[in-house]
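Since the structure comes first, as structure tokens, the remarks are kept for the end.
In UniProt numbering, the protein residues as written are 1 to 278.
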């Protein structure tokens with residue numbers, strides 16, 4: 001074995017020895033969430049530390065379903081997240097394409113405003129947005145209110161603008177010379193080239209919609225239209241908290257997303273790396 005290979009092996013071993021404890025520390029709360037989801041409420045707060053699952057997950061889930069119709073809430077969350085992700089990726093891609101490839105009056109101002117919106121805390125726009133959607137447009141307790149207001153994503157626009165700016169101009173100029181219309185260039189030339197970046201953006205937006213709690217809590221007050229995180233929050237009452245049901249619901253919300261991320265992490269990393277390097 002050469003000295004270079006030996007040094008590389010030592011660095012790899014040292015890196016794994018450093019990262020493995022960090023990974024275990026990060027995974028430990030998730031594992032305890034799984035363990036708590038299989039325990040009765042009185043067992044969760046027992047003085048002893050339990051590290052192995054018990055057999056009460058089905059009972060906890062049945063209680064959760066009885067109190068919140070959690071399966072229906074998950075269906076709403078999936079539908080909202082998928083619709084939101086598709087529309088937001090499409091709109092942010094179109095905005096990024098326009099900002100990257102077209103010259104127009106006020107372009108610098110538009111980019112500056114988009115950059116400025118990133119610095120605004122969400123709490124600043126939350127109440128005005130709620131008043132406009134619920135009072136002025138009368139859209140409370142509708143899917144439109146869940147999906148449309150968060151569609152504009154500043155980071156997504158800037159990310160796609162950077163991605164389209166990296167593509168060679170000659171490719172699009174050649175398509176224009178051939179008489180290809182602009183919308184076909186965008187759909188059939190630019191978007192396929194940006195597939196890794198689109199996959200990364202779609203993962204980020206889907207997770208953001210899936211985990212969104214505050215806006216659905218404000219805009220949807222009817223039990224039949226609650227998303228899964230909001231339905232889970234209803235288990236926290238003034239006099240009673242169903243901890244077993246909360247842990248079971250948290251497992252059902254978290255584990256599938258972890259599996260999806262692990263399966264798609266190659267696309268996510270490739271998209272982030274491609275969009276960050278010019």
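Even glycine gets a Cβ: it sits at the ideal position worked out from N, Cα and C.
The structure presented is a predicted model; accordingly, all values stated were derived computationally and were not measured.
List the endpoints of the continuous alpha helix (DSSP H) containing residue 148. From DSSP, residue 148 is part of no alpha helix (DSSP H); its letter is neither H nor E.
Is residue 253 near residue 228, with beta carbons less than 8 angstroms apart? yes
Grab me the residues of residue 277's own chain with a C-beta within less than 6 angstroms of its C-beta, minus the 5 sequence neighbours each way, in chain order. Unreliable placement is indicated for residue 277, whose pLDDT of 48 sits below 50; the coordinate value is still reported in the next sentence. Within the same chain, residue 277 has no close Cβ partners at all.
Does the distance from the C-beta atom of residue 84 to that of residue 209 stay below 8 angstroms? yes
Let me know if residue 64 comes out buried or exposed under the rule of 16 or more other beta-carbons within 10 Å of its beta-carbon. That one is buried.
Which residue comes first and which comes last in the alpha helix (DSSP H) that contains residue 50? Taken as a continuous stretch (DSSP letters only), residue 50 belongs to no alpha helix (DSSP H), as it is neither H nor E.
Rounded to whole angstroms, what's the CA-CA distance from residue 158 to residue 125? Just pull it up for me. 20 angstroms
Just mark residue 7 as buried or exposed, buried being the case when its beta carbon has 16 or more other beta carbons within 10 Å. exposed
How long is the line joining the alpha carbons of residue 131 and residue 95, rounded to whole angstroms? 27 angstroms
Secondary structure at residue 71, three-state DSSP: helix, strand or coil? Three-state DSSP puts residue 71 in a helix.
For residue 117, which residues of its own chain have a beta-carbon under 7 angstroms away from its beta-carbon, when the five flanking residues on both sides are left out? 154
Threshold first: 4 residues or longer. Then list the alpha helix (DSSP H) segments lying entirely within the region 219-247, N to C. 228-233
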